[in-house]
Amino acid sequence: MRASAAEARAPREYHVSVRGDDSADGSEARMLRTISAAARLAQAGDVITVHEGVYRERIAPPRGGTSDRERIVYRAAPGEKVVVKGSEVIRGWQKVQNDTWKVALPNRFFGDFNPYSDLIRGDWFNPKRRAHHTGAVYLNEHWLTEAAQLDDVLKPAGEAPLWFGKVDEETTTIWAQFKGVDPNEAEVEINVRRAVFYPEKPGINYITVRGFSMMHAATPWAPPTAEQIGLIGTHWSKGWIIENNDIRYSTCVGVTLGKYGDRWDNTSQNTAEGYVKTIERALENGWSRENIGHHVVRNNRISHCEQAGIVGSLGAVFSTITGNVIHDIHVRRLFTGAEMAGIKIHAAIDTLISGNHIYRTTRGIWLDWMAQGTRVTRNLLHDNTGSQDLFVEVDHGPFLVDNNLFLSPTSLLDMSEGGAYAHNLMAGRIALRPELRRETPFHKPHSTHVAGLRNIQGGDDRFYNNLLIAPAGLAGYDKAAQLVEMGGNVFLKGAQASAHEQAPLVQPAFDPGIQLAEKPDGVYLEIALDKAWAGGPPRPLVTTDRLGRAAIPNLPCEQPDGSPYRLDADYFGKKRNEASPFPGPFECPGGGKQVLKVWPVTVPE
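So the sequence shown is residues 224 to 828, counted in this note's numbering.
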C-alpha cells in the first residue's frame with residue numbers, strides 16, 4: 224500500500240537568520256530572513272530554528288500542529304540571543320525646546336494599523352478622564368510615559384520622561400522628552416505592531432514557542448468579553464507550549480490564552496449578564512475540553528505590562544502555568560479597570576498555577592468566575608501593593624490553594640465559596656465578602672458544560688494547617704453565611720483565629736521576623752519557626768476525603784484526572800510527616816531562625 228503524501232513527508236527544520244533571504248529554502252546552508260517566511264512553509268512536525276539577532280515582525284502562524292507529538296516548534300537557536308520586536312527604530316528627531324524633541328512620520332509608514340490613533344478602550348476599562356493609546360516610545364528599550372496633553376511634554380523632563388502623539392490625515396507627529404540624550408544618536412524605538420506572535424485566526428493548535436526575547440507590542444485592552452490579543456497569544460486554540468521566553472513591554476497584556484473575537488466584543492455594558500451571554504456563545508463556538516485550552520506556559524519572565532502578565536478568558540481551561548517570573552505589572556497606573564493582575568484568568572477550569580514568582584504587581588493572581596478544579600500551589604508572591612496576592616471572585620469551587628507564600632500587605636480577598644486553603648504562609652490581611660448581586664456559573668465535573676448559575680453567599684471554605692501572621696487572621700469567617708471548616712492552623716503575632724476552629728494554636732507574642740532578601744543566586748526567606756508546633760494534637764494530612772465536597776456544584780476537590788489529592792509534600796517537594804504534618808508550607812526544617820532559598824526551587828518529580 225502506498226503511503227499518502229502527508230504520511231511520507233519527513234519533518235523538516237527551517238533556519239532563519241538576519242543575514243538570510245526569504246527566497247531561500249530555509250536549510251542551514253540557505254537560511255530564510257524572517258520568521259514569518261518560515262511560518263508560511265512549516266507543517267506539522269517541523270521545527271523553525273531562529274539564529275541570533277533582532278527581528279522586527281509580527282509572526283502570525285497560518286497553521287499549527289496536528290497533535291502534541293506533531294507540533295510546529297518555533298525556537299531560538301540554543302545558546303543564541305534572539306530578539307523579536309513589535310517596534311521600529313526612529314531617526315530624524317528635531318529639537319523643540321527644553322528636553323523635548325519631535326518627529327513627523329507619514330501615516331503610510333504604519334500601514335493599516337497606527338498605534339497613535341488607536342485608543343485603549345473596552346469593557347471594564349476606566350481611562351481616568353483622559354485618552355490612552357496603544358503606542359509607546361522607548362529609549363534603550365525602556366518605555367517613556369504617555370502624557371495627557373502636549374503642554375506636559377514641552378516642559379523640562381521629570382523623573383519619568385513623557386511622550387505625546389497626534390495623528391492628522393497624512394502625518395503622525397510624536398513629541399518626546401530625552402533628558403541629556405540626542406535621540407538621533409541613541410536607540411529610540413516606537414510601537415508599530417499590535418502583537419509579536421499571534422495568529423490571525425482561531426484554531427491554530429499545537430504550537431511551541433521557546434527561548435525568545437519578545438518585546439514592544441501595541442496590545443489592546445483585553446477584557447473577558449472580547450478577543451484577547453497579547454504580545455504573544457494563543458487565539459482560541461489548543462495545546463500551545465510557551466516556555467523559556469523573556470516577554471516584556473506590552474501596552475496591555477504579555478501572554479493571552481483568551482477567547483476569539485466576534486461582533487459582540489466589548490458590548491456587555493460591564494454586566495454579569497453580558498458575560499453569561501459570552502459564555503453561552505463560546506459553548507456554541509466549540510468551548511470544550513476536546514477543542515480548547517490544554518496550554519503550558521512555563522519558565523518565562525514576563526514584565527512591564529500595564530494590564531496583566533497573563534490573561535485568559537475561557538481559553539485557559541485545562542492549562543498549566545508554572546515556573547514563571549512575573550513582575551512590574553500595572554505599576555504606572557495611568558488607567559484602571561477590572562482586569563489588572565500578574566495572572567488574570569476567567570474559567571480556570573482544571574487549571575494548575577504552580578511555582579510562579581510574582582511581585583511588584585497591582586494584584587498577584589486573580590481567579591475571576593468559574594475557578595473549578597483549579598489548583599494554586601507553591602507560588603511565591605510579595606510586594607504586590609494596592610490589592611492582594613490572591614483574589615478569588617465569584618467562584619463556586621471546588622478549588623485548592625496550598626503551599627503558597629503570600630507575603631504582601633493583603634494575602635487574600637475571598638469573594639467566592641468552595642475553596643480549600645492548606646499549608647499556606649499568609650502574612651497579609653484576609654477579607655471575606657459575599658456577592659449576592661451576580662449569578663455566575665458552575666460546571667459539570669472536569670467540563671466546560673454549565674450545570675447552573677448561583678450567587679455567592681460566602682463561606683463553604685476550608686482552612687487547614689496554615690501559618691498565619693498578623694494582620695492575617697480568620698476571624699472574619701465567623702460571620703460567613705455557609706459552614707466553614709478549620710483545623711491545624713497556627714496564629715502568630717496577634718493573628719486572630721476563627722470561632723469555627725476548635726483548637727487553634729495561638730501565640731500572640733511569637734514574631735517570626737519574616738524578611739525577604741534577593742541575592743545573586745535567588746530569593747531567600749528569613750523566618751523563625753518553633754519545632755514545638757509539631758507537638759500537641761495531631762494534624763491530619765490534607766486529602767480529598769478530608770476536604771469534602773463544595774456545596775454548590777456538589778463536587779469533591781480532586782485532580783483533573785479524577786484522582787484524589789494527598790498533600791504529602793511541602794513547598795520544596797519534601798515529604799511531609801503524614802501522621803501529623805507541620806503547619807505552613809515548610810515541613811519543619813528546624814526550630815529557631817531559618818534562612819530558606821524560596822526562589823528558584825526545583826521540586827522533585
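Ideal Cβ positions, reconstructed from N, Cα and C, are used throughout, including at glycine.
No experiment lies behind these values; they were computed from the predicted model shown.
### Query
If you compare alpha carbons, which of T368, L362, N363 is closest to A354?
As a position in the sequence shown, residue 354 is number 131, starting the count at 1. Nearest of T368, L362, N363 to A354, Cα basis: T368.
### Query
So which of A751, L752, K461, A359 has the shortest CA-CA distance to T289?
Counting from one through the sequence shown, the residue named residue 289 turns up at place 66. It is K461.
### Rounded Cβ spacing between I271 and V239 (contact assumed at less than 8 Å)
Counting from one through the sequence shown, the residue named residue 271 turns up at place 48. Counting from one through the sequence shown, the residue named residue 239 turns up at place 16. Rounded, the Cβ-Cβ distance is 7 Å, consistent with contact.
### Message
Excluding the 5 residues flanking G814 on each side, which residues of the same chain have their C-beta closer than 7 Å to its C-beta?
### Response
Here residue 814 refers to the residue found at position 591 of the sequence shown. Cβ contact annotation for G814 (same chain, cutoff 7 Å, sequence separation greater than five): L752, D753, K754, in chain order.
### Query
Name the DSSP bridge partner or partners of P787?
One-based indexing of the sequence shown puts residue 787 at position 564. Looking at the DSSP assignment, P787 forms a beta bridge with E781.
### Task
Would you list, in sequence order, the uninterrupted alpha helix (DSSP H) runs of no fewer than 4 residues that lie entirely inside the segment 403-471?
Correct list: empty.
### Query
Is A594 near L623, with beta carbons less than 7 Å apart?
Counting from 1 along the sequence shown, the entry for residue 594 is found at position 371. Counting from 1 along the sequence shown, the entry for residue 623 is found at position 400. At least 7 Å separates the beta-carbon of A594 from that of L623.
### Message
Between the alpha carbons of L659 and K351, how many angstroms are there, rounded?
### Response
Indexing the sequence shown from 1 puts residue 659 at position 436. Indexing the sequence shown from 1 puts residue 351 at position 128. Approximately 28 Å between the Cα atoms of the pair.
### Message
If you measure between the beta carbons of P808 and N688, is that distance less than 7 Å?
### Response
Start at 1 with the first residue of the sequence shown, and residue 808 comes out as number 585. Start at 1 with the first residue of the sequence shown, and residue 688 comes out as number 465. No; because the gap between Cβ atoms is not below 7 Å, this pair is not in contact.
### Message
Quick check: N407 and A359, are their CB atoms within less than 7 Å of each other?
### Response
Within the sequence shown, numbered from 1, the residue matching residue 407 stands at position 184. Within the sequence shown, numbered from 1, the residue matching residue 359 stands at position 136. Not a contact, by the Cβ cut-off of 7 Å.
### Query
Between which two residues does the alpha helix (DSSP H) carrying S259 extend?
As a working mapping, residue 259 is identified with position 36 in the sequence shown. Judged by DSSP secondary structure, S259 falls within the alpha helix (DSSP H) whose first and last residues are 258-264.
### Query
Is it buried or exposed for Q400, if we count other Cβ within 10 angstroms and need 16 for buried?
Residue numbering aside, residue 400 sits at position 177 when the sequence shown is read from its first letter. Answer is buried; the Cβ neighbour count reaches 16.
### Message
Helix, strand or coil, according to DSSP, for Y794 in the structure here?
### Response
Locating residue 794 in the sequence shown gives position 571, where the first residue counts as 1. It is coil, neither helix nor strand.
### Query
What residues match up with P664 in a beta bridge as DSSP calls it?
As a first step, residue 664 must be located in the sequence shown, where it is residue number 441. According to DSSP, residue pairing for P664 in a beta bridge involves L676.
### Query
Which partner residues does T545 have in the DSSP bridge list?
For this step, residue 545 is matched to residue 322 along the sequence shown. When DSSP reads this structure, T545 sits in a beta bridge with R521, S577.
### Query
Is there contact here, the segment 646-660 with the segment 670-677, by at least three beta-carbon pairs under 8 Å?
Segments in contact, no.
### Query
Buried or exposed: which applies to F332, given that a residue is buried once 16 or more other Cβ atoms fall within 10 Å of its Cβ?
Walking along the sequence shown from the start, residue 332 turns up at place 109. F332 is classed as exposed because its beta carbon has fewer than 16 other beta carbons within 10 Å across all chains shown.
### Close beta carbons around L480, own chain, < 6 Å, minus the five adjacent residues each side
Taking the first residue of the sequence shown as 1, we reach residue 480 at position 257. The answer, listed in chain order, is T457, H518, G535, G538, A539.
### Query
Out of curiosity, what's the CA-to-CA distance linking S340 and P787?
Indexing the sequence shown from 1 puts residue 340 at position 117. Indexing the sequence shown from 1 puts residue 787 at position 564. S340 and P787 have their C-alpha atoms roughly 53 Å apart.
### Which of helix, strand or coil DSSP assigns to E749
As a working note, residue 749 is residue 526 in the sequence shown. In the three-state scheme derived from DSSP, where H, G and I count as helix and E and B as strand, E749 is classed as strand.
### Message
Quick check: what's the CA-CA separation for R232 versus I295?
### Response
Here the question's residue 232 lines up with position 9 in the sequence shown. Here the question's residue 295 lines up with position 72 in the sequence shown. The straight-line gap from Cα to Cα measures roughly 14 Å.
### Query
Of all the options N468, A441, T448, K424, which has the alpha carbon lying nearest to the alpha carbon of T431?
Along the sequence shown, read from residue 1 onward, the residue named residue 431 stands at position 208. Closest by alpha carbon: N468.
### Query
Rounded to whole angstroms, how far is the Cβ of E640 from the Cβ of A757, which I believe are closer than 8 Å?
For the purposes of this step, residue 640 is taken as the residue at position 417 of the sequence shown. For the purposes of this step, residue 757 is taken as the residue at position 534 of the sequence shown. Contact between E640 and A757 does not hold, since their C-beta atoms are separated by about 32 Å, which reaches or exceeds 8 Å.
### Query
Between the Cα of G681 and the Cα atoms of V615, W347, N522, which residue gives the shortest distance?
Indexing the sequence shown from 1 puts residue 681 at position 458. Answer by Cα proximity: V615.
### Nearest-angstrom beta carbon gap, I525 and V554 [assumed within contact, 8 Å]
The residue labelled residue 554 in the question sits at position 331 within the sequence shown. The residue labelled residue 525 in the question sits at position 302 within the sequence shown. Rounded, the Cβ-Cβ distance is 13 Å, inconsistent with contact.
### Message
Can you list, in chain order, the residues of its chain with a C-beta nearer than 8 Å to that of K798? Leave out the 5 residues immediately preceding and following it.
### Response
In the sequence shown, the residue the question calls residue 798 occupies position 575. Closer than 8 Å at Cβ, skipping near neighbours: D791, A792, E810.
### Query
Are the beta-carbon atoms belonging to N523 and I470 less than 7 Å from one another?
As a first step, residue 523 must be located in the sequence shown, where it is residue number 300. As a first step, residue 470 must be located in the sequence shown, where it is residue number 247. Contact flag set, yes.
### Task
Please name the residue in T766, E393, R314 whose C-alpha comes closest to that of A409.
Sequence index remark: in the sequence shown, residue 409 carries index 186 (1-based). With distances taken between CA atoms, A409 lies nearest to R314 out of T766, E393, R314.
### Query
Secondary structure at N330, three-state DSSP: helix, strand or coil?
Here residue 330 refers to the residue found at position 107 of the sequence shown. Helix.
### Message
Taking only three categories from DSSP, how would you classify A229?
### Response
Within the sequence shown, residue 229 is the residue found at index 6, counting from 1. Unreliable positioning characterises A229 in this predicted model, as indicated by a pLDDT of 49, which lies under 50. The coordinate reading is nonetheless provided below. In the structure shown, A229 sits in a helix (DSSP, three-state: H, G or I).
### Query
With respect to the beta strand (DSSP E) encompassing V818, which residues constitute its N-terminal and C-terminal limits?
Against the sequence shown, residue 818 aligns to sequence position 595. First-last of the beta strand (DSSP E) with V818: 815-822.
### Message
Here's the rule: buried if 16 or more other CB atoms are within 10 angstroms of the residue's CB, otherwise exposed. What is A732?
### Response
Counting from one through the sequence shown, the residue named residue 732 turns up at place 509. Counting Cβ neighbours within 10 Å, A732 comes out exposed, since fewer than 16 surround it.
#### Entry: A441 versus G381, N337, A371, residue with shortest Cα-Cα distance
Here residue 441 corresponds to residue number 218 of the sequence shown, with the count starting at 1. Of the candidates G381, N337, A371, the residue whose Cα lies closest to the Cα of A441 is N337.
### Query
If you draw a straight line from the alpha carbon of N428 to that of F348, how long is it in whole angstroms?
Taking the first residue of the sequence shown as 1, we reach residue 428 at position 205. Taking the first residue of the sequence shown as 1, we reach residue 348 at position 125. C-alpha separation (whole angstroms): 30 Å.
### the segment 574-584 in contact with the segment 487-496 per 3-pair CB rule at 8 Å
For the pair of segments examined, the segment 574-584 was found not to touch the segment 487-496: the number of CB pairs separated by less than 8 Å stays below three.
### Task
Tell me whether the beta-carbon of W592 lies closer than 7 Å to the beta-carbon of T663.
Here residue 592 refers to the residue found at position 369 when the sequence shown is read from its first residue. Here residue 663 refers to the residue found at position 440 when the sequence shown is read from its first residue. Yes, these two residues count as a Cβ contact at 7 Å.
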